[in-house]
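Sequence lines, in order, name chains A and B. Going by the numbering used here, the first residue of the first sequence is number 1, and it counts up by one from there. Going by the numbering used here, the first residue of the second sequence is number 1, and it counts up by one from there. Glycine residues also receive a C-beta, built at the ideal position from the N, C-alpha and C atoms.
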Amino acid sequence: GIQVEQSPPDLILQEGANSTLRCNFSDSVNNLQWFHQNPWGQLINLFYIPSGTKQNGRLSATTVATERYSLLYISSSQTTDSGVYFCAVGIYNQGGKLIFGQGTELSVKP
Amino acid sequence: DAGVIQSPRHEVTEMGQEVTLRCKPISGHNSLFWYRQTMMRGLELLIYFNNNVPIDDSGMPEDRFSAKMPNASFSTLKIQPSEPRDSAVYFCASSLQSGIHNEQFFGPGTRLTVL
């Protein structure tokens with residue numbers, strides 16, 4: 001089955017720093033989503049981005065489908081950005097189910 | 001807009017008891033998914049429905065688990081009998097599968113503890 005690998009597994013930042021999270025996947029996808037799991041366990045949709053580039057405030061994401069990777073950029077990080085960031089992909093002919101990576105745990109220190 | 005609604009939010013039960021988790025998808029969505037999150041295995045799909053029909057239940061761990069979707073606005077995931085290894089957070093998600101844009105939205109989850 002498709003493999004989804006995220007890096008780094010852990011990241012500690014000082015408030016105000018920038019960071020880049022990476023998601024590699026092993027097959028063609030028709031869905032790619034980035035989620036933030038906050039400290040209360042909720043999965044918050046960040047981006048639906050099977051290809052191209054999107055921006056939402058301090059966050060942006062780029063997916064290069066032909067090279068099978070996606071990047072999530074966090075600029076001017078805040079303590080509220082702490083939590084786990086998941087990349088999840090869906091592939092053709094497998095309905096809508098998502099395959100999740102193992103996540104990047106981000107801790108932003110004040 | 002109401003998001004995906006799950007109940008209960010927390011459930012503590014004893015081994016051997018029946019557990020029923022409930023989910024109301026976003027109105028208008030035609031696909032519903034049940035996922036489980038554990039420390040060991042991360043987030044994994046258990047089963048999903050399209051237009052109320054189960055499409056893929058290959059992630060259901062064993063016969064103790066069953067799921068139903070009697071109508072477009074309600075689904076249940078049942079564990080009978082429950083075991084301590086079933087302790088996890090169970091998420092329900094829904095999407096509108098249009099072939100073009102099929103973004104999934106997740107509920108708040110049910111944290112299940114089996115003693």
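Next item on the list: Can you tell me which of A:ILE12, A:LYS109, A:PHE100 puts its alpha carbon nearest to the alpha carbon of ARG41 of chain B?
Entry: For the purposes of this step, residue 41 of chain B is taken as residue 41 along the second sequence, with counting starting at 1. Comparing Cα-Cα distances from ARG41 of chain B to each of A:ILE12, A:LYS109, A:PHE100, the minimum goes to A:PHE100.
Next item on the list: Determine the DSSP secondary structure at ALA65 of chain A, reduced to helix, strand or coil.
Entry: The count along the first sequence starts at 1 and reaches residue 65 of chain A at position 65. ALA65 of chain A: helix per DSSP, three-state reduction.
Check: When the Cα atoms are used, what is the spatial distance from GLN55 of chain A to ILE26 of chain B?
Finding: The residue labelled residue 55 of chain A in the question sits at position 55 within the first sequence. The residue labelled residue 26 of chain B in the question sits at position 26 within the second sequence. Each residue's alpha carbon lies about 25 Å from the other.
Notebook entry, point to check: Under 9 Å between the Cβ atoms of VAL108 of chain A and GLU15 of chain A?
Noted result: As a position in the first sequence, residue 108 of chain A is number 108, starting the count at 1. As a position in the first sequence, residue 15 of chain A is number 15, starting the count at 1. Taking a C-beta distance under 9 Å as the contact criterion, VAL108 of chain A and GLU15 of chain A qualify as a contact pair.
Notebook entry, point to check: Under a three-way DSSP split, which group does ARG9 of chain B fall into?
Noted result: For the purposes of this step, residue 9 of chain B is identified with residue 9 of the second sequence, where counting begins at 1. When DSSP states are grouped into helix, strand and coil, ARG9 of chain B belongs to the coil group.
Notebook entry, point to check: Of the choices B:VAL4, B:ILE5, B:PHE105, B:GLY16, whose alpha-carbon is the least far from that of PRO84 of chain B?
Noted result: Looking up residue 84 of chain B in the second sequence gives position 84. When only C-alpha atoms are compared, the closest one is B:GLY16.
Checklist line | Unbroken stretches of the beta strand (DSSP E), 3 residues or longer, contained in the stretch 7 to 88 of chain B | finding: Annotation: the stretch 7 to 88 of chain B contains the following complete segments of the beta strand (DSSP E) (minimum length 3 residues), in chain order: 10 to 13, 19 to 24, 31 to 38, 42 to 50, 53 to 56, 65 to 71, 74 to 79.
Check: Apart from the five residues just before and just after GLY103 of chain A, which ones in its own chain have a Cβ nearer than 7 Å to its Cβ?
Finding: In the first sequence, the residue the question calls residue 103 of chain A occupies position 103. The answer, listed in chain order, is GLN6, VAL84, TYR85, PHE86.
Next item on the list: Tell me whether VAL77 of chain A is buried or exposed, calling it buried when 16 or more other Cβ atoms sit within 10 Å of its Cβ.
Entry: Translated into the one-based positions of the first sequence, residue 77 of chain A becomes position 77. Here the sequence assigns Ser to residue 77 of chain A, which means Val is not the residue at that position. Here SER77 of chain A is buried: its Cβ has 16 or more other Cβ atoms, across all protein chains shown, within 10 Å.
Margin query: Given this structure, state the Cα-to-Cα distance separating SER19 of chain A from ASN71 of chain B, to the nearest angstrom.
Written below: Counting from 1 along the first sequence, the entry for residue 19 of chain A is found at position 19. Counting from 1 along the second sequence, the entry for residue 71 of chain B is found at position 71. When rounded, the separation of the alpha-carbon atoms in SER19 of chain A and ASN71 of chain B is 44 Å.
Next item on the list: Would you give the residue range spanned by the beta strand (DSSP E) that ASN24 of chain A belongs to?
Entry: In the first sequence, residue 24 of chain A corresponds to position 24, counting from 1. ASN24 of chain A -> beta strand (DSSP E) spans 19 to 25.
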